[in-house]
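Presented below is the structure to which this report refers.
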Amino acid sequence: MVRIGIFDSGVGGLTVYQAIKSTLPDANFYYCSDNEFHPYGTKADDAVAQRTLDVCSRFVMAAELDLLVIACNTASTVALGLLRSKLNLPIVGVVPAIKPAAEKSASGVIGLLATPATIKRIYVDELIQRFASDHHVIRVGSSRLVELAEEKARGSVVPVELVREEIKSLFVDFSRIEKSMRLDTVVLGCTHFPLLRDELLQASPWPVQWIDSGSAIASRVQNLASGLESKIGKSRDQGTAWVTRKDSSAAQLEPLMLRFGFRVLLELPRPDQLLD
Ligand code: DGL
C-alpha cells in the first residue's frame, strides 16, 4: 500500500489529509507538523524554504514515504522547486485555489484569505495574472486566524468576534460604484482556515462561497498514487503523526491525532538518529 506523507507547519494539513483520505481510504498515511518553527506565515521566504526541505527530508526517511504532500500554502508557494530538485519522490503542493474561485464568482470580486507571507508571493501574483486578471482580488493576510485554528484543535472555543475582526477588510462593497460588484467568493489560501469554517460563516456580513484546495489536491494525489508501488511492500499500517518538538502544547494534540486515525504522536527523529 502506498505510503503518503502530509506535511504542514501545524494542524492545517489535517484538512488536506481528510480530503485525500476520503478518496484513498486504503492508503497508509503519515503526518508531520513542524510545530518547532511554526508559524511559517510570518517568516522570510528563504528561511521557510530551507526549513521545509530540512524537515521534509527527515520525514521522508522516517516514514519511508512513496509520495509527499506539502499541505501548506506558505511552504508550497516558495519551496516546491527546491523540494523537487532535492527529494527523490513525487511531491504535490497546495496553492491558493484562485482559478476555481474566479470561475465560480458571478460578481467578479473575490477575496484571498491566507497568511501574510502567502498573499505577497510572486507565485500568487502569477496565479492571479493567469486566472483572475479580469477580477478584482482583495488580499487579506492573517496570522491570528492560524493561531485561532491551532487553539481550536487543542479544544478551545474560538469567539466569532475575533474571526470577524480578522476578515472584515475582505468584505468591501463596491456595489455603490457599480451595481452587483460585491465580494461573493473567498479563497481559503491557508490550510488552517477550513478548520474555522463554522466561525467564518457566522462572522461574514453576507453569504459568500468559501473555496479551499482540498478536493483538487485529493484528485491529484489519487492520480499519482494509482501509478505508484510502495517501496516497502503491501502491508497496512496505521500511520504515525510526528511533531518537530514534543512539548506540552504538542501533547495537547494527541487526542485529535488519534481521532483522525493516526496511531501515535512522536517527535520526528533528528538526522543523526535517522542514520542509526
Ligand atoms: N497552514 C499553512 C498554510 O497553508 C500556514 C500556517 C503558518 O503560518 O504556519 O499556509
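Per our numbering, the very first residue in the sequence shown carries number 286; after that it's consecutive. We treat Cβ as the ideally placed atom computed from N, Cα and C, and that holds for glycine.
Rounded Cβ spacing between residue i and residue j (contact assumed at less than 8 Å)
i, j, result
"Ser-370", "Ala-503", "The pair is not a contact, with the Cβ atoms about 25 Å apart (cut-off 8 Å)."
"Thr-529", "Phe-547", "The pair is not a contact, with the Cβ atoms about 16 Å apart (cut-off 8 Å)."
"Thr-300", "Asp-497", "7 Å"
"Val-363", "Val-333", "6 Å"
"Pro-401", "Thr-476", "Contact doesn't hold; Cβ gap of about 15 Å is too wide."
"Trp-495", "Leu-481", "Actually they are not in contact, since the Cβ atoms of Trp-495 and Leu-481 sit about 10 Å apart, beyond 8 Å."
"Gly-474", "Thr-403", "6 Å"
"Ala-536", "Asn-320", "11 Å between Cβ atoms; not a contact."
Member of the options whose CA lies at the smallest distance from the CA of residue i
i, options, result
"Trp-491", "Leu-430, Asp-458, Glu-552 and Val-472", "Asp-458"
"Leu-562", "Leu-299, Ala-312, Cys-317 and Gly-440", "Summary: the structure shown does not reach residue 562, with the chain confined to residues 286 through 561, and so no result is reported for it."
"Asp-483", "Ser-515, Glu-451, Glu-450 and Val-443", "Val-443"
"Phe-292", "Val-333, Asn-320 and Ala-356", "Ala-356"
"Val-345", "Ile-289, Asp-419 and Ala-382", "Ile-289"
"Leu-309", "Ala-510, Glu-321, Arg-555 and Leu-397", "Ala-510"
"Ala-386", "His-323, Thr-403, Asp-419 and Pro-554", "Asp-419"
"Ile-517", "Phe-456, Ala-348, Gly-298 and Ser-441", "Ala-348"
"Phe-416", "Leu-559, Ala-382 and Leu-480", "Ala-382"
"Gln-303", "Asp-319, Ala-536 and Pro-479", "Pro-479"
"Ile-407", "Ser-441, Gln-537, Glu-435 and Asp-330", "Asp-330"
"Lys-531", "Phe-314, Pro-554 and Gly-440", "Pro-554"
"Leu-559", "Trp-527, Arg-343 and Asn-508", "Arg-343"
Between the CA atoms of residue j and residue i - distance to the nearest angstrom
i, j, result
"Asp-557", "Ser-294", "22 Å"
"Val-493", "Lys-389", "11 Å"
"Val-413", "Val-448", "Looking at the sequence shown, residue 413 is not Val but Ile. About 25 Å."
"Asp-339", "Ile-376", "15 Å"
"Val-296", "Leu-541", "10 Å"
"Glu-552", "His-323", "15 Å"
"Val-533", "Lys-437", "A small fix is needed here, since residue 533 is Ser in this sequence, not Val. Their Cα atoms are separated by approximately 16 Å."
"Tyr-325", "Arg-521", "33 Å"
"Val-431", "Ala-399", "9 Å"
"Val-409", "Gly-366", "15 Å"
"Glu-411", "Gly-499", "21 Å"
"Phe-545", "Arg-439", "13 Å"
"Leu-543", "Ser-441", "18 Å"
"Phe-314", "Ala-434", "22 Å"
"Lys-405", "Asn-508", "31 Å"
Own chain partners of residue i with C-beta closer than 7 Å, once the 5 adjacent residues on each side are dropped
i, result
"Glu-539", "Leu-550"
"Cys-341", "Phe-292, Leu-353, Leu-368 and Leu-372"
"His-421", "Gly-393 and Val-394"
Sequence-distant residues of its chain with Cβ nearer than 6 Å to residue i (five each side left out)
i, result
"Ser-427", "Glu-451"
"Val-287", "Ala-312, Asp-351, Ala-510, Leu-513 and Ser-515"
"Gly-267", "Outside the modelled stretch of the chain, which goes from 286 to 561, sits residue 267, for which no answer is possible."
"Thr-337", "Ala-360 and Ala-364"
"Arg-429", "Glu-451"
"Val-445", "Glu-484, Gln-487 and Ala-488"
"Gln-523", "Arg-548"
"Trp-527", "Cys-317, Leu-551 and Leu-553"
"Gln-335", "none"
Contacts around residue i, its chain only, beta-carbon distance under 8 Å, and the 5 residues preceding and following it disregarded
i, result
"Ser-454", "Ile-423 and Val-425"
"Val-506", "Ile-289, Ile-305, Thr-308, Leu-309, Leu-352, Val-354 and Val-377"
"Ala-501", "Ala-382 and Pro-385"
"Leu-374", "Val-345, Leu-350, Asp-351, Leu-352 and Leu-353"
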